[in-house]
Amino acid sequence: MTKKIMFGAFMALLSMTSCNNGNSNENVTSTSSFDEVLTSRRSVRNYDASKKITEAEVRDLIKAAQEAPSWANQQPTKYYVAISEEKLAAVQDMVGGNKERIKNAPVLIVSTFERGKSGFFQGNQTNEVGDGWGAYDNGLSNCYLILKARAMGFDTLIMGMREADKLRELFTIPENETIMAVIALGYRAEEPNRPERKNLDEIVKFF
Numbered sequence: 003m004t005k006k007i008m009f010g011a012f013m014a015l016l017s018m019t020s021c022n023n024g025n026s027n028e029n030v031t032s033t034s035s036f037d038e039v040l041t042s043r044r045s046v047r048n049y050d051a052s053k054k055i056t057e058a059e060v061r062d063l064i065k066a067a068q069e070a071p072s073w074a075n076q077q078p079t080k081y082y083v084a085i086s087e088e089k090l091a092a093v094q095d096m097v098g099g100n101k102e103r104i105k106n107a108p109v110l111i112v113s114t115f116e117r118g119k120s121g122f123f124q125g126n127q128t129n130e131v132g133d134g135w136g137a138y139d140n141g142l143s144n145c146y147l148i149l150k151a152r153a154m155g156f157d158t159l160i161m162g163m164r165e166a167d168k169l170r171e172l173f174t175i176p177e178n179e180t181i182m183a184v185i186a187l188g189y190r191a192e193e194p195n196r197p198e199r200k201n202l203d204e205i206v207k208f209f
């Protein structure tokens, strides 16, 4: 697939919705390029309490995440969305030191994957990675989600610090699902810095 075709396909995905809850965002617009979405995305740790996100908008994000590739189209990723005040408060107490950083985020999303799906064929592990492929596919789905969020003018923070057992009880998450991350969703309250990236030659080798 050529770069031009890939770009067109991804921009079609990003344009599935262009709403931004009536709030302006100078960094991303409906005409932003793919590269602008990539470079303006940040892990945001300070959210604007005055701006909200609707259930319909979250559904659009999840629909975008469903477009992510997965092993044999197993689609092992599941999402549990805290959007009510009660559930938000509960999840905020389950993310360790990130609690203060995400206290004003209007949505918190728990991301999981079903074990025994990706990386398996007819119930047998296909290679040494095993359920690691489920985690891999979960990451791909989450990547689509946070990029779609940025295209809609939202911001995110993927958190690995979380109390899995308490989250499982709160959302009645089945035992066959591995809880991966909690994703904060909202609007940045300030412009975050861009951490330096490694030199390209440090991460790639051509043969």
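With the numbering used here, letter number 13 in the sequence shown gets 15, and the count goes up by one each step, no holes. Cβ coordinates follow ideal geometry from the N, Cα and C atoms, glycine included.
Query: For Asn-48 and Asn-100, the rounded distance between their alpha carbons; Result: 10 Å
Query: Cβ-Cβ separation, Val-109 to Ala-84 (assumed contact under 8 Å), whole Å; Result: 7 Å
Query: 9 Å Cβ cutoff met for Phe-296 and Thr-180; Result: Because the chain here runs from 3 to 209, residue 296 falls outside it and cannot be looked at.
Query: For Tyr-138, the three-state DSSP class (helix, strand or coil); Result: helix
Query: For Pro-176, the nearest candidate out of Arg-117, Asn-75, Glu-38 (CA to CA); Result: Arg-117
Query: For Thr-114, the residue or residues it bridges with in DSSP; Result: Lys-80, Ile-181
Query: Residue range of the alpha helix (DSSP H) that includes Ile-64; Result: 57-67
Query: Cβ contact (3+ pairs, closer than 8 Å) linking the stretch 60-79 and the stretch 136-147; Result: yes
Query: C-alpha gap between Ser-45 and Ser-86, whole angstroms; Result: 23 Å
Query: Residue burial classification, Ala-151 (beta-carbon count within 10 angstroms, cutoff 16); Result: buried
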